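Visitor: If you're matching them up, the sequences are chains A and B in order.
Going by this note's numbering, the residue at position 193 of the first sequence is 212; the numbering climbs one at a time, nothing skipped.
Going by this note's numbering, the residue at position 113 of the second sequence is 132; the numbering climbs one at a time, nothing skipped.
Ideal Cβ placement from N, Cα and C applies to all residues, glycine included.
Computed from a predicted structure; not experimentally measured.
Protein chains: 2
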Amino acid sequence: MNGKTDLETLIEMMAKLPGLGPRSARRAVLHLIKKRALLLMPLADQLTRVGQTVRECLNCGNIGTASLCAICESDKRANGELCVVEDVADLWAMERASVFKGRYHVLGGALSALDAVGPEELRIPKLLDRIAAENVSEVILALNATVDGQTTAHYIAEQLEGRIAVTSLAQGVPVGGELDYLDDGTIGAALKARKAV
Amino acid sequence: MNGKTDLETLIEMMAKLPGLGPRSARRAVLHLIKKRALLLMPLADQLTRVGQTVRECLNCGNIGTASLCAICESDKRANGELCVVEDVADLWAMERASVFKGRYHVLGGALSALDAVGPEELRIPKLLDRIAAENVSEVILALNATVDGQTTAHYIAEQLEGRIAVTSLAQGVPVGGELDYLDDGTIGAALKARKAV
C-alpha cells in the first residue's frame, strides 16, 4: 500500500516539472523504474549532489558551485562587455552560440506591472553597482523580444543614458529563416534595419 | 568548473527521460534549481526512496513494495477474472477507469519477431501457471491494438483454447469520438461489431 503512495507522490512531483504533465510523468517514472540501476539511482544521486552544491554567483546571478561563477572568475572574460539577460537559461543560450567573450549579468526576470515586479525585485541595483565598480565599457541588452523584456531594456537604457554605451541585440530575419513563414513584426523590423550589401 | 559538469550531467540524465529532450531537460533542471527546497531536494529523496523500495510483484508483474502487489494481496480482487496487459502503464490505465474488479497479469511487452521477443521472454509461462493454480474463470486480453499486441493476443488465445473462457476488449467508436475524425479501421471494426439498439 505504502509503495503505491510513494510512487504516486513521485509521479506528482515529476508532473510539476515544466514540459511534463501527469501522463508523461507516469511514463517517465515507469521508464526510471525499469532502468533502476542505470537511470533512477544515478539521477537521484545527481539531484542530491546538485541540490547540495549549486549556488547563485554573488556577482552576476549565474549558477555554479562557488560564490563566483566560472565566467566571473575567469580573467579572460573581463573585456569590458557586459551582457544583460533575463534568466540563466538565456545566459546558457548565449554561451552555446559561443560568440560573446565578455561577462554576463542575470536580472532574474523582467519588469512587469501586472506581476508587480519592480527594479528592486530584479538584480538592477546590482547591475548599476557593477558598472560603477568593474571596468565596463559597453552594456549589451540581450532581453527577450516580449513586452516585459523590452520595457526592462528601456528602463535600463534610461538609467545608463550618457554614462556608458548601451546596445541591444539586432532584430531581423533568423538565420535559415524563410520570409514566407515570418511574422509581420519581424519582417518590418528587418526592413527598417536594412543595410547596404 | 566542477559545478558546471555536475549540472551538465544532470541535464543529460534528465534528457534521457521519455518526453524530454535536451532543451526541455535544461528548462526542467533550471526550474528545479529555482525551487530547490520545494522541489529539487524532495524529488531527489523520493527517487531514492522509490528506487530502494519498489519491486515487481512475483505473481502478476505489477510494481509495489512487497513481494506481492496490493491487488494480488487483496481477497476482494479474486473474482476469477484475469486481465492480461502488456505493461504496468496499461494496468494503471485500467485501474484509472475503475471498472475492472479482478486481478491482472502483466506480460512485460508483446511478442515481436523483429525484436526477437518470444513467449519465454514475456511472462506467458507464468500466466499459464497462474491459470492452472488460481481459480480463474475468464481471461480478458487487454492488449494494445497494434500488430504485436494482436499477435500476442492470438498466441495466448491459442494456448488457452478449450481450457478457459478468453475474451478481449471491444473495438469501436471511442466515447466522445466524432466519426469524421476516426480512422477507417476503427469505423470498419465498429460497423462489424454493431449491435441492436
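In terms of residues, what are the limits of the beta strand (DSSP E) holding SER187(B)?
Guide: Reading the second sequence from its first residue, position 168 is the one you call residue 187(B). Run containing SER187(B): 184-187, per the beta strand (DSSP E) assignment.
Visitor: Please indicate yes or no: does the CB of ALA85(A) lie closer than 7 angstroms to some heavy atom of the ligand MG?
Guide: Because no ligand of any kind appears in the structure shown, any question about the ligand MG cannot be addressed here.
Visitor: Nearest-angstrom Cα distance between LEU101(B) and CYS91(B)?
Guide: The residue you call residue 101(B) lines up with position 82 of the second sequence. The residue you call residue 91(B) lines up with position 72 of the second sequence. Near 11 angstroms, if we compare the C-alpha coordinates of CYS91(B) and LEU101(B).
Visitor: According to DSSP, CYS102(A) sits in a beta bridge with which residue or residues?
Guide: Within the first sequence, numbered from 1, the residue matching residue 102(A) stands at position 83. Partner(s): TYR123(A) and ILE159(A).
Visitor: Name the DSSP bridge partner or partners of ARG55(B)?
Guide: On the second sequence, position 36 is the one that residue 55(B) refers to. Its beta-bridge partners do not exist; DSSP assigns none.
Visitor: Can you say whether LEU133(B) is buried or exposed, counting buried as having 16 or more other CB atoms within 10 angstroms of its CB?
Guide: Locating residue 133(B) in the second sequence gives position 114, where the first residue counts as 1. By the neighbour-count rule (16 or more Cβ atoms within 10 Å), LEU133(B) is not buried but exposed.
Visitor: DSSP three-state label for SER43(A), please.
Guide: Here residue 43(A) refers to the residue found at position 24 when the first sequence is read from its first residue. Three-state result, SER43(A): helix.
Visitor: At which residue ranges does the stretch 167-216 of chain A contain complete beta strand (DSSP E) runs of 3 or more residues, listed in the order of the chain?
Guide: Taking only runs of at least 3 residues, the beta strand (DSSP E) segments lying wholly in the stretch 167-216 of chain A are 184-187.
Visitor: Is there contact between the stretch 106-119 of chain A and the stretch 56-68 of chain A, where contact requires at least three CB pairs shorter than 8 angstroms?
Guide: They do not touch, by the three-pair rule.
Visitor: Please report whether the beta-carbon of ARG25(B) lies at a distance below 8 angstroms from any beta-carbon of chain A.
Guide: For the purposes of this step, residue 25(B) is identified with residue 6 of the second sequence, where counting begins at 1. Per the sequence presented here, residue 25(B) reads as Asp, with Arg not at that position. Judged by the 8 angstroms Cβ criterion, ASP25(B) is in contact with chain A.
Visitor: Relative to the C-alpha of VAL185(A), which residue among THR84(A), GLY99(A), VAL69(A) and ASP106(A) is closest?
Guide: In the first sequence, the residue the question calls residue 185(A) occupies position 166. The option with the nearest alpha carbon to VAL185(A) is GLY99(A).
Visitor: Quick one, are the C-beta atoms of LEU39(B) and GLY38(A) less than 8 angstroms apart?
Guide: Looking up residue 39(B) in the second sequence gives position 20. Looking up residue 38(A) in the first sequence gives position 19. Taking 8 angstroms as the Cβ cut-off, LEU39(B) and GLY38(A) qualify as a contacting pair.
Visitor: Can you check whether the CB of THR72(A) is closer than 8 angstroms to the CB of ASP25(B)?
Guide: Stepping through the second sequence from its first residue, residue 25(B) is reached at position 6. Stepping through the first sequence from its first residue, residue 72(A) is reached at position 53. In contact: ASP25(B) and THR72(A) (Cβ atoms closer than 8 angstroms).
Visitor: Given that a residue counts as buried once 16 or more other Cβ atoms are within 10 Å of its Cβ, and exposed if not, what is ILE159(B)?
Guide: Residue mapping note: residue 159(B) aligns to position 140 of the second sequence, counting from 1. Flag for ILE159(B) reads buried.
Visitor: Per DSSP, GLU75(B) is paired with what?
Guide: Within the second sequence, numbered from 1, the residue matching residue 75(B) stands at position 56. According to DSSP, GLU75(B) bridges with ILE82(B).
Visitor: Check each residue of the stretch 185-207 of chain A: if its Cβ is closer than 7 angstroms to any Cβ of chain B, include it; give the result in chain order.
Guide: Going along the stretch 185-207 of chain A in chain order, one finds no residue with a Cβ nearer than 7 angstroms to chain B.
Visitor: Measure the CB-CB distance between ALA209(B) and VAL192(B) and report whether it falls below 8 angstroms.
Guide: As a working note, residue 209(B) is residue 190 in the second sequence. As a working note, residue 192(B) is residue 173 in the second sequence. It is a contact, given that the beta carbons lie within the stated cut-off.
Visitor: Would you say HIS50(A) faces chain B, with C-beta separation under 8 angstroms as the test?
Guide: Counted from its first residue, the first sequence places residue 50(A) at position 31. By this cut-off, HIS50(A) is an interface position.
Visitor: Check the Cβ-Cβ distances between THR67(A) and every residue of chain B, and say whether any is below 8 angstroms.
Guide: Taking the first sequence and counting its residues from 1, one reaches residue 67(A) at position 48. For THR67(A), the answer is yes, since a Cβ of chain B falls inside 8 angstroms of its Cβ.
Visitor: Report the option in ILE143(A), LEU130(A) and MET33(A) whose CA atom is closest to the CA atom of CYS79(A).
Guide: As a position in the first sequence, residue 79(A) is number 60, starting the count at 1. Nearest of ILE143(A), LEU130(A) and MET33(A) to CYS79(A), Cα basis: ILE143(A).
Visitor: Which residues, in order along the stretch 25-47 of chain B, keep a beta-carbon less than 8 angstroms from a beta-carbon of chain A?
Guide: Cβ contacts with chain A come from ASP25, LEU26, THR28, LEU29, MET32, MET33, LYS35, LEU36, PRO37, GLY38, LEU39, SER43, ARG45, ARG46 and ALA47.
Visitor: Between the Cα of ARG46(B) and the Cα atoms of ALA112(A), SER43(A), ASN163(A) and ALA135(A), which residue gives the shortest distance?
Guide: As a first step, residue 46(B) must be located in the second sequence, where it is residue number 27. Measuring from the Cα of ARG46(B), the nearest candidate turns out to be ALA112(A).
Visitor: Is it buried or exposed, GLU31(B), if we count other Cβ atoms within 10 angstroms and call 16 or more buried?
Guide: Mapped onto the second sequence, residue 31(B) falls at position 12. So GLU31(B) counts as exposed.
Visitor: Is it the case that the Cβ atoms of LEU29(A) and LEU66(B) are separated by a distance below 8 angstroms?
Guide: Sequence index remark: in the first sequence, residue 29(A) carries index 10 (1-based). Sequence index remark: in the second sequence, residue 66(B) carries index 47 (1-based). Yes, Cβ-Cβ distance for LEU29(A) and LEU66(B) is below 8 angstroms.
Visitor: Let me see if you follow: with CB-CB separation under 8 angstroms, is ARG12(B) close to chain A or not?
Guide: Residue 12(B) falls outside the range modelled here, since chain B spans only 20 to 216, and no answer is possible.
Visitor: Identify the residues that DSSP records as bridge partners of SER131(A): which are they?
Guide: Translated into positions along the first sequence, residue 131(A) becomes position 112. Answer is VAL136(A), bridged to SER131(A).
Visitor: Classify GLU105(A): buried if its beta carbon has 16 or more other beta carbons within 10 angstroms, exposed otherwise.
Guide: The count along the first sequence starts at 1 and reaches residue 105(A) at position 86. Buried, since its Cβ has 16 or more Cβ neighbours within 10 Å.
Visitor: Does ILE143(A) come out as helix, strand or coil in the three-state DSSP assignment?
Guide: Looking up residue 143(A) in the first sequence gives position 124. Correct three-state label for ILE143(A): helix.
Visitor: Below 8 angstroms, how does it come out for the stretch 196-204 of chain A and the stretch 169-184 of chain A: are there three or more Cβ pairs, yes or no?
Guide: Contact fails: fewer than three Cβ-Cβ distances are below 8 angstroms.
Visitor: Please tell me whether LEU146(A) and VAL103(A) are closer than 8 angstroms, where the distance is taken between their beta carbons.
Guide: What you label residue 146(A) is simply residue 127 of the first sequence in a count that begins at 1. What you label residue 103(A) is simply residue 84 of the first sequence in a count that begins at 1. Cβ atoms of LEU146(A) and VAL103(A): closer than 8 angstroms.
Visitor: Compute the Euclidean distance between the alpha carbons of GLY195(B) and ASP64(A), then round it to the nearest angstrom.
Guide: Here the question's residue 195(B) lines up with position 176 in the second sequence. Here the question's residue 64(A) lines up with position 45 in the first sequence. Rounded to whole angstroms, GLY195(B) to ASP64(A) spans 44 angstroms at the Cα level.
Visitor: Can you tell which of LYS214(B), ASN81(B) and ALA85(B) has its C-alpha closest to the C-alpha of GLY127(B)?
Guide: Translated into positions along the second sequence, residue 127(B) becomes position 108. The residue with the shortest Cα to Cα distance from GLY127(B) is ASN81(B).
Visitor: Between VAL107(B) and chain A, is the shortest Cβ-Cβ distance under 8 angstroms, so that the two count as touching?
Guide: For the purposes of this step, residue 107(B) is identified with residue 88 of the second sequence, where counting begins at 1. It does: the Cβ of VAL107(B) has a partner Cβ on chain A nearer than 8 angstroms.
Visitor: Any C-beta of chain B sitting closer than 8 angstroms to the C-beta of LEU210(A)?
Guide: Indexing the first sequence from 1 puts residue 210(A) at position 191. So, not an interface residue.
Visitor: Buried or exposed for GLY70(B), please, with buried defined as at least 16 other CB atoms from any protein chain shown within 10 angstroms of its CB.
Guide: Sequence index remark: in the second sequence, residue 70(B) carries index 51 (1-based). With 16 or more other Cβ atoms within 10 Å, it is buried.
Visitor: Buried or exposed: where does VAL166(B) fall if 16 or more other Cβ atoms within 10 Å of its Cβ makes it buried?
Guide: Along the second sequence, read from residue 1 onward, the residue named residue 166(B) stands at position 147. The residue is exposed, with fewer than 16 neighbouring Cβ atoms inside 10 Å.
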